[in-house]
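Anchor point for the sequence shown: position 422 equals 421 in numbering that gives the first Met the number 0, and the numbering is continuous, going up by one each time. The beta-carbon is built from N, C-alpha and C at its ideal position, and this holds for glycine as well. Predicted, not measured: the structure shown is a model, and the values here were computed from it.
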Amino acid sequence: MRLWEESRGLIPNGTQTFSKGPTQYPLGACPVYLKKGKGAYVEDVDGNRYIDYGMGLHSVILGYAHPRVVERVMEAVRDGVNFTLMHPLEVQVAKELRRLIPSAEMVRFVKTGSEATSAAVKIARAATGKEHVAVCGYHGWHDWALGATEKKNGIPRAVVGLVHKFTYNDAKSLEAVFESFKGNVAAVVLEPCGVKPPEPGFLEGCKRLAAENGAALIFDEIITGMRWDKGGAQSLFNVTPDISTFGKSIANGMPLAAVVGKKEFMEVLETRDVFLSTTFGGETASLSACLATLEVIEEQDAVKKIWKAGEELMKGLRAIIKRLDLEGLTEVDGFPCRPVIAFKSQDGVEPLLVKSILQQECAKRGLLFAGYFAVSLAHDTDVIGESLAIMEKAMKLLSENAGQEKLSELLEGRIVSPVFRSL
């Protein structure tokens, strides 16, 4: 806790990333800082070891410190990582992404998912000559995206007025946005898949509505890319958008993201009045990590193995929940590549209290998770078995201490809170 106390007054909120901060894990009952990782395991600053299911907020898909990625990154560092002119890796990695991703006729590299998705919206606005954007969910910290959330202080009202929410799996809510801003919607932005699968025809409907109204369909594949399928969820569901954004998993934790899309949209970046440029877009350590990651994903059939491990995890968790009669408080949802434990209110019990206690008791036994399981290639059968054993012991405490009062007495740390109240 000493480091945490030192961070206060030095780093706003004490963290660089809300989702890594102590509002997401019960402060006082879980580690606050991690110092290293290998495979599916991480180690905190006190030397305690944990199975990790956050995996760098979904960015580490092969496991921490994967040997091939480490080797390629070190080679790049030894040769210099950022040059005065372009590097051949920019072409090489772009060609690989074009080969894998259906929508990737052209590719531009940036550093973060927020940056990539902001670039995609800018491209759509430039290509269509329109301003308004329909959004569904979280798409980064930039002004255009946060204008549709409660965290819009500091964002000009003119920007806020250009962003409009619609509801996932509800095509009529998207139709309403087009109707309200007829002829002036530049883009439809959504994750093609999250916890819930797209209902039959929903993604196709989004594509049709965008096309009929002269808007670009943008898939935010920052999480789904390389995890749902090596070509993204667009490959899995066979719906090709106009523009896509990829990040997180593409470089196994190294800072790299990409905006990819059809030539008719991406070519606007070649005009003088549309500007997208970044000093570190061609930085070679991250591009080398990306190339190594893509190689391993293909050579080891990583996506198939991740789905199989996730299926084993989901099956085991559901059996534990049923055996301990916890179906009123928790349920397993999501996809095998990213299972989720949902927490429910039963007999007045606060869901976030249940989540906090489960996180606390798992951490005591050597497992870190924040409600989701970012299964990686390193989460093999042994790791899944160890995880289920820990989960059963932690969940048994929930079963043995039913009710808000008893559960409140179990909590040793601070109750967790969501980053956003709603999206």
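{"Item": "Please confirm whether Asp142 and Ile154 have their CB atoms less than 9 Å apart.", "Value": "yes"}
{"Item": "When you compare only the Cα positions, how much space is there between Asn251 and Lys121?", "Value": "27 Å"}
{"Item": "Check whether chain D comes within 9 Å of Ile221, counting only Cβ atoms and requiring the distance to be less than that.", "Value": "Note that chain D does not occur in the displayed structure, where there is just one protein chain."}
{"Item": "Given a cut-off of 9 Å, decide if Glu220 and Pro254 are closer than it, judged by their beta-carbon atoms.", "Value": "no"}
{"Item": "So, using beta-carbon positions, are Thr292 and His86 closer together than 9 Å?", "Value": "no"}
{"Item": "May I ask which residues mark the beginning and end of the alpha helix (DSSP H) holding His378?", "Value": "First-last for His378: undefined, no H or E at that position."}
{"Item": "What would DSSP say about Asp346, mapped onto helix, strand or coil?", "Value": "coil"}
{"Item": "What did DSSP end up calling Met85 once you bin it into helix, strand or coil?", "Value": "coil"}
{"Item": "When we look at the beta-carbon of Pro199 and count the other beta-carbons within 10 Å, is it buried (16 or more) or exposed?", "Value": "exposed"}
{"Item": "Got a sec, what are the start and stop residues for the alpha helix (DSSP H) Thr116 sits in?", "Value": "Gly112 to Thr127"}
{"Item": "Which residues bound the beta strand (DSSP E) around Val106?", "Value": "Met105 to Val109"}
{"Item": "Classify Ile383: buried if its beta carbon has 16 or more other beta carbons within 10 angstroms, exposed otherwise.", "Value": "buried"}
{"Item": "Among all the DSSP beta bridges, which residues are the ones paired with Ala257?", "Value": "Phe108 and Phe245"}
{"Item": "Does the distance from the C-beta atom of Val188 to that of Ala103 stay below 9 Å?", "Value": "no"}
{"Item": "To the nearest angstrom, how far is it from the Cα of Ala115 to the Cα of Pro240?", "Value": "15 Å"}
{"Item": "Below 8 Å CB to CB, which residues in the same chain sit around Gln233 once its five sequence neighbours on both sides are set aside?", "Value": "Ile100, Pro101, Ser102, Pro191, Phe218, Glu220, Thr239, Pro240 and Ser243"}
{"Item": "Thinking Tyr49 and Ala362 are a contact (beta carbons under 8 Å), I'd like their distance in whole angstroms, please.", "Value": "7 Å"}
{"Item": "According to the neighbour-count rule (16 or more other Cβ atoms, all chains shown, within 10 Å of its Cβ), is Ala186 buried or exposed?", "Value": "buried"}
{"Item": "Since Ile217 is in the beta strand (DSSP E), which residue starts that stretch and which ends it?", "Value": "Ala215 to Glu220"}
{"Item": "Does the Cβ of Glu70 have 16 or more other Cβ atoms within 10 Å, making it buried, or fewer, making it exposed?", "Value": "exposed"}
{"Item": "Using three-state DSSP, classify Cys29 as helix, strand or coil.", "Value": "strand"}
{"Item": "Once you ignore the five residues that flank Leu376 on each side, which residues in its own chain have a CB closer than 7 Å to its CB?", "Value": "Ile60, Leu61, Gly62, Gln299, Ala301, Lys304 and Ile305"}
{"Item": "For a test of the three-state rule: what should DSSP assign to Ile50, helix, strand or coil?", "Value": "strand"}
{"Item": "Run the CB neighbour count on Asn81, radius 10 Å, all protein chains shown included, and call it buried at 16 or more, exposed below.", "Value": "exposed"}
{"Item": "Is there contact between the stretch 278-292 and the stretch 126-146, where contact requires at least three CB pairs shorter than 8 Å?", "Value": "no"}
{"Item": "Looking at Lys343: is its Cβ nearer than 9 Å to the Cβ of Glu360?", "Value": "no"}
{"Item": "Any contact of the stretch 19-30 with the stretch 409-420, i.e. 3+ C-beta pairs under 8 Å?", "Value": "yes"}
{"Item": "Output the distance between the C-alpha atoms of Ser416 and Thr270, rounded to the nearest integer angstrom.", "Value": "45 Å"}
{"Item": "Helix, strand or coil for Glu311, going by three-state DSSP, please let me know.", "Value": "helix"}
{"Item": "For the putative contact between Leu202 and Phe177, defined by C-beta atoms under 8 Å, what is the C-beta separation to the nearest angstrom?", "Value": "Going by Cβ atoms, the distance from Leu202 to Phe177 rounds to 16 Å, so no, they are not a contact pair."}
{"Item": "Considering Val267, what are the terminal residues of the alpha helix (DSSP H) in which it resides?", "Value": "No alpha helix (DSSP H) contains Val267, which DSSP labels as neither H nor E."}
{"Item": "How many angstroms separate the CA atom of Val31 from the CA atom of Pro338?", "Value": "23 Å"}
{"Item": "Phe177 lies in the alpha helix (DSSP H); which residues open and close that run?", "Value": "Ala170 to Ser179"}
{"Item": "Which residues bound the alpha helix (DSSP H) around Phe236?", "Value": "Ala232 to Phe236"}
{"Item": "Answer with buried or exposed for Phe108, where buried requires no fewer than 16 other C-beta atoms within 10 angstroms of its C-beta.", "Value": "buried"}
{"Item": "With DSSP collapsed to three states, give me the class of Lys151.", "Value": "coil"}
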